[in-house]
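J.: Each residue of the sequence shown is one higher than the one before, counting from 6 in my numbering.
C-beta: ideal position from N, C-alpha, C; glycine also.
My questions all concern the structure below.
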Amino acid sequence: MKQFRFIGALEGLSEGLAIVAPMLGIEVSDAGKEIKVSKSTDGKLHVSDTAIAYAEPVHFFRALGLLVEHWETRPFSITETPQFDTNGLMIDLCQGNDTLNTENLKHTFSRMAIMGLNTFYFYIEDSYEVEGEPYFGYMRGRYTRAELREVDAFAKKLGITIIPCIQTLAHLHDALKWAPYAEYQDDHDTLLVGDERTYTLIRKMLQSIKASFSSKKIHIGMDEAWRLGQGYYLLKNGYQKKYDIMKEHLTRVLAICDDLDIEAMIWSDMFMKAANQNEDPLSDYFQIEGEVPQEMIDSTPRNVDFVYWDYGTTTQSRYEAQINRHFQFCDRLVFAGAIWNWTSFTADYDRTFAAAEAALAACKKTGLKNVFATTWGDGGAERNIYVVLLGMQLFAEHGYASDVSEEKLASRFMACTGCHYEDFRAMTYLDNPYGMELPDAYDFVASSSYLMWQDVMMGMFDKNVEGLGMTKQYEEIYAKMKTASTRNGEYNYVFDFLKKVADVLRIKAELGLRIKSAYDKKDNAALKTCITDLKEAAARAEALYECHRDWWFKVNKAFGFEVFDVRYGGLIKMLERGALRLESYLNGTVAVLDELELERLPYNGKEGPVHNLLQYPSMITAGHLKVE
Numbered sequence: 006m007k008q009f010r011f012i013g014a015l016e017g018l019s020e021g022l023a024i025v026a027p028m029l030g031i032e033v034s035d036a037g038k039e040i041k042v043s044k045s046t047d048g049k050l051h052v053s054d055t056a057i058a059y060a061e062p063v064h065f066f067r068a069l070g071l072l073v074e075h076w077e078t079r080p081f082s083i084t085e086t087p088q089f090d091t092n093g094l095m096i097d098l099c100q101g102n103d104t105l106n107t108e109n110l111k112h113t114f115s116r117m118a119i120m121g122l123n124t125f126y127f128y129i130e131d132s133y134e135v136e137g138e139p140y141f142g143y144m145r146g147r148y149t150r151a152e153l154r155e156v157d158a159f160a161k162k163l164g165i166t167i168i169p170c171i172q173t174l175a176h177l178h179d180a181l182k183w184a185p186y187a188e189y190q191d192d193h194d195t196l197l198v199g200d201e202r203t204y205t206l207i208r209k210m211l212q213s214i215k216a217s218f219s220s221k222k223i224h225i226g227m228d229e230a231w232r233l234g235q236g237y238y239l240l241k242n243g244y245q246k247k248y249d250i251m252k253e254h255l256t257r258v259l260a261i262c263d264d265l266d267i268e269a270m271i272w273s274d275m276f277m278k279a280a281n282q283n284e285d286p287l288s289d290y291f292q293i294e295g296e297v298p299q300e301m302i303d304s305t306p307r308n309v310d311f312v313y314w315d316y317g318t319t320t321q322s323r324y325e326a327q328i329n330r331h332f333q334f335c336d337r338l339v340f341a342g343a344i345w346n347w348t349s350f351t352a353d354y355d356r357t358f359a360a361a362e363a364a365l366a367a368c369k370k371t372g373l374k375n376v377f378a379t380t381w382g383d384g385g386a387e388r389n390i391y392v393v394l395l396g397m398q399l400f401a402e403h404g405y406a407s408d409v410s411e412e413k414l415a416s417r418f419m420a421c422t423g424c425h426y427e428d429f430r431a432m433t434y435l436d437n438p439y440g441m442e443l444p445d446a447y448d449f450v451a452s453s454s455y456l457m458w459q460d461v462m463m464g465m466f467d468k469n470v471e472g473l474g475m476t477k478q479y480e481e482i483y484a485k486m487k488t489a490s491t492r493n494g495e496y497n498y499v500f501d502f503l504k505k506v507a508d509v510l511r512i513k514a515e516l517g518l519r520i521k522s523a524y525d526k527k528d529n530a531a532l533k534t535c536i537t538d539l540k541e542a543a544a545r546a547e548a549l550y551e552c553h554r555d556w557w558f559k560v561n562k563a564f565g566f567e568v569f570d571v572r573y574g575g576l577i578k579m580l581e582r583g584a585l586r587l588e589s590y591l592n593g594t595v596a597v598l599d600e601l602e603l604e605r606l607p608y609n610g611k612e613g614p615v616h617n618l619l620q621y622p623s624m625i626t627a628g629h630l631k632v633e
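Have a look at this one:
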C-alpha cells in the first residue's frame, strides 16, 4: 500500500477518504508522503505528487485516483477543467426486478467518487415505501425509508448528490396491477389524470420520497405516456389532445411539488412529441424538423428541469439540434445518455461509445452543463450491474476533458477499478459476435439472450444464424472471457458469469441447426451425438444458473430472482425434453417428430441476425405466454 499524509483543507472529507483509500491501495499514515490539500481558486482540479487543489469534494476523491495512477512517474502535475456542473449515473432499480442491496449501492457510489462522478439518479418506479400503501412495491424489493436515508448519507460523505427518480403518470404498471389501485388507472400503465384520488396518491408518494432523501430535487418522470387519455379518461372526458392532458397533469403535480418545497424534473419526450405536432406513439421522438409552436413555448412551465434522453443517436449535429430545440421552451435542461446494458447478459459498448462520444461532445459545444448516463433493466436484468463500469468511466473522463483518448480512458479505468479496458470492450461480442454494423441508431442484436432461451427443438432463430459460424465465434468469446475472469480483480466473477454464458452458447447456438439437418437426412448417428450434446448443454446451463444465482444474492435483494428460476428451469427442461424426444424417435417409440418436420423460416420474415428483440416470452415460443 502507498502511504500518504494529507494536510490542509480536509473539512468534510475524512469519512469519504476512509471509504475510498483502501479501494485505491492507499494507507493514510503520519509516516506517509505529505500531500498538501487546498481549495481550488479557479474551479479546476490540480494534482501533483505534492499537492491537491479541488473545487468540490468529489474532485478530491478523483484526485486520489490520479495520484495513485501517476505516482510511479513523479514528479508530475495535472490540471483538469470540469466540463459539467453535474455528471453522474442512473441505475434502474425496479424494471428489471434487480434491486441492488445497500452494500452494493455504497460500493457503486465509492467507484463513482473515485472516477469523479457527483450525481446519482435513483430510479425507483414503485420500489420504495409509501406510508399507508402496503401494495405499493409489494414483493418487489422496495427500499424502506431507513435504507434510503442510509445510502443518501453515505453518498454525501463522498460528495455525491442522490436525486430520486419516480413516476407520477405512466410506467406504473407494477403498482397499478394490484386491485387496490384499480381506481387510479387510465389504463394498466397510466394514472388517471384529473381524478382527485390520483393527486392524493401522488402527494403521498412525494412526501415519502422527500422524507427519504436530502436533495430538494426529485425526478417525477412523466415519460412515454403513449396511451394517455385513451383508457378510462376517454370514457369520462371524451377525446382530448395528449399535450393538453399533460399540461393539466403537470400543473397539478408541480403545485404539489411547490407545496412540499420540491424542485421537480421530468423527462422531455412527451413535450418533444407535442413540439413535433404528432401524437402517433410510433413516430420519432427525435424528429428535429420544424419549429416549436409558439403556444407551446409560452405555455411550458419554467419551474421544472427537462431531461432530454437520447440513447442511440450517433451524429453530434443531431444532438446539437435537439439540445437547441429544447432550449427554445425550457431554461433548465439536463442530458441523459446511456450505457447499453438492458438487452441481454452483457453491455453493448460499441453502441455505448458511438452514442456517448457524439452526445457529450454536443453537450460541451452547446454549453449544456448537466449530464448523466442511464442504465436500464427492461430486458429482465440478465446482466450483472457492474458490466457498466467502463461506461461510467467514459462519462467521467468526458467530464474533465474536452477530448478523451482511448489510451487515457484505459489507463484511468485501470487506476479507478483495477479492470482492463479491452476486456470490457470485448463483452460486446457476446451479443454481436459477427461484429456487424447496425444501420439504425436504436438497432441492437441480443444474440446471447435469444440463442440462450430459445427451444432448440423448435429453432425459431435457427434460420437467422445459419451459416454465421456461431459455434466457432462463441468458442473464441469463451476464451476471451476465461482470460478476463482471471485478471479483473474483485470483478472477476462478472467475467466468470459471461464465460459460462459463452460456454452454454458454444454448444447450444447451432445445436438446433444440427438436429434439424440430421433429422432431415435421417442420420441416426448424428442424432445420437446431438442427444449427448443436449445433455451436456443442460449440465452447462445448470452451472450457469448456479453462478447467476450466487452473484445475484451477493449484489441484489432476494426479490426478482424467482424469474430466473423459471427461465433456467424452462431452459434445462427444454433441453432434457429434446434429448427424450430424439431418444424416442431413435428407439422407434415415436415415428415422426412434428417439431422437426416443420420448415425453418426467418424470424419475422427477415434474414440475418435478429434485431431489437428484448422480451423473453417472444424468445421461447410462438404460442401464448401470458406473463401477467
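Leu-365 to Thr-124, Cα distance in whole Å?
T.: 16 Å
J.: Got a sec? Which residues, its chain only, sit under 6 Å from Leu-539 by beta carbon, not counting five neighbours each side?
T.: Counting only Cβ-Cβ distances below 6 Å, and skipping sequence neighbours, we find Leu-580, Gly-583 and Ala-584.
J.: Decide if Arg-572 is buried, meaning its Cβ has at least 16 other Cβ atoms within 10 Å, or exposed.
T.: Burial call: buried.
J.: Can you list, in chain order, the stretches of the alpha helix (DSSP H) that have 4 or more residues and sit fully within the region 426 to 484?
T.: 426 to 431, 452 to 458 and 467 to 470
J.: Could you round the C-beta distance between Phe-350 and Ser-454 to whole angstroms and report it? I think they count as a contact, below 8 Å.
T.: Correct: roughly 7 Å between the Cβ atoms.
J.: Which same chain residues, not among the five before or five after Gln-292, have their C-beta less than 7 Å away from its C-beta?
T.: Asn-281
J.: If you compare alpha carbons, which of Asp-383, Ile-328 and Leu-211 is closest to Glu-134?
T.: Leu-211
J.: Write down the C-beta distance between Phe-672 and Asp-428 rounded to the nearest angstrom, noting that I regard them as a contact closer than 8 Å.
T.: Because the chain in this structure spans residues 6 to 633, residue 672 falls outside the shown range and cannot be described.
J.: Report the residue from Leu-181, Leu-18, Ala-26 and Lys-578 whose alpha carbon sits nearest the alpha carbon of Tyr-143.
T.: Leu-181
J.: List the endpoints of the continuous beta strand (DSSP E) containing Glu-32.
T.: 31 to 33
J.: Express the C-alpha separation of Leu-456 and Ala-431 in angstroms, rounding to a whole number.
T.: 19 Å
J.: Based on the DSSP output, what are the partners of Pro-80 in its beta bridges?
T.: In DSSP, Pro-80 forms no bridge with anything.
J.: Alpha carbon to alpha carbon, what distance is there between Ile-328 and Lys-369?
T.: Spanning the two alpha carbons is a distance of roughly 11 Å.
J.: Considering only the alpha carbon of each residue, which of Gly-70, Thr-91, Gly-93 and Asp-90 lies closest to Ile-83?
T.: Gly-70
J.: Between Tyr-126, Pro-139, Glu-412 and Glu-138, which lies nearest to Asp-157 when the distance is taken from Cα to Cα?
T.: Tyr-126
J.: Around the C-beta of Pro-87, are 16 or more other C-beta atoms found within 10 angstroms, so that it is buried, or is it exposed?
T.: buried
J.: Using only the alpha-carbon positions, how far apart do Tyr-248 and Ser-322 sit?
T.: 27 Å
J.: Does the separation of the CB atoms of Val-509 and Leu-435 fall below 8 Å?
T.: no
J.: What are the residues that DSSP puts in a beta bridge with Leu-105?
T.: Asn-561
J.: For Leu-606, name the three-state secondary structure that DSSP assigns.
T.: coil
J.: Could you tell me if Arg-330 is buried or exposed, where buried requires 16 or more neighbouring beta carbons within 10 angstroms of its beta carbon?
T.: buried
J.: How would you call Thr-537, buried or exposed, if buried means at least 16 neighbouring beta carbons within 10 angstroms?
T.: exposed
J.: Between which two residues does the beta strand (DSSP E) containing Asp-97 stretch?
T.: 91 to 97
J.: Is it the case that the Cβ atoms of Gly-423 and Ile-344 are separated by a distance below 8 Å?
T.: no
J.: Considering only DSSP beta bridges, list what Thr-124 is partnered with.
T.: Gly-93 and Thr-166
J.: By a C-beta neighbour count over all protein chains shown, 10 Å radius and 16 as the cutoff for buried, is Gln-299 buried or exposed?
T.: exposed
J.: Please confirm if the region 266 to 280 is in contact with the region 190 to 201, defined as three or more CB-CB distances below 8 Å between the two stretches.
T.: no
J.: Just verifying my parser: in three-state terms, what is the DSSP assignment at Trp-231?
T.: coil
J.: Have a look at Met-95, Lys-162 and Glu-152 and flag the residue whose alpha-carbon is nearest the alpha-carbon of Leu-15.
T.: It is Lys-162.
J.: First and last residue of the beta strand (DSSP E) that includes Gly-13?
T.: 7 to 13
J.: Closer than 6 Å by C-beta to Val-595: which residues in its own chain qualify, once you throw out the five before and the five after it? Chain order, please.
T.: Ser-589
J.: Using DSSP bridges, identify the partner residues of Met-270.
T.: His-224 and Asp-310
J.: Taking Gly-93 and Leu-50 to be in contact with their CB atoms under 8 Å, please state how far apart those CB atoms are, rounded to whole angstroms.
T.: Contact check for Gly-93 and Leu-50: beta-carbon distance about 17 Å, past the 8 Å limit, so the pair fails to qualify.
J.: So Leu-153 and Lys-215 are supposed to be a Cβ contact under 8 Å. How far apart are they, rounded?
T.: No, Leu-153 and Lys-215 are not in contact; Cβ-Cβ is about 11 Å, not under 8 Å.
J.: Taking the beta strand (DSSP E) that Ser-43 falls in, what are its first and last residues?
T.: 38 to 44
J.: Pull the bridge partners of Ser-53 from the DSSP assignment, please.
T.: Ser-82
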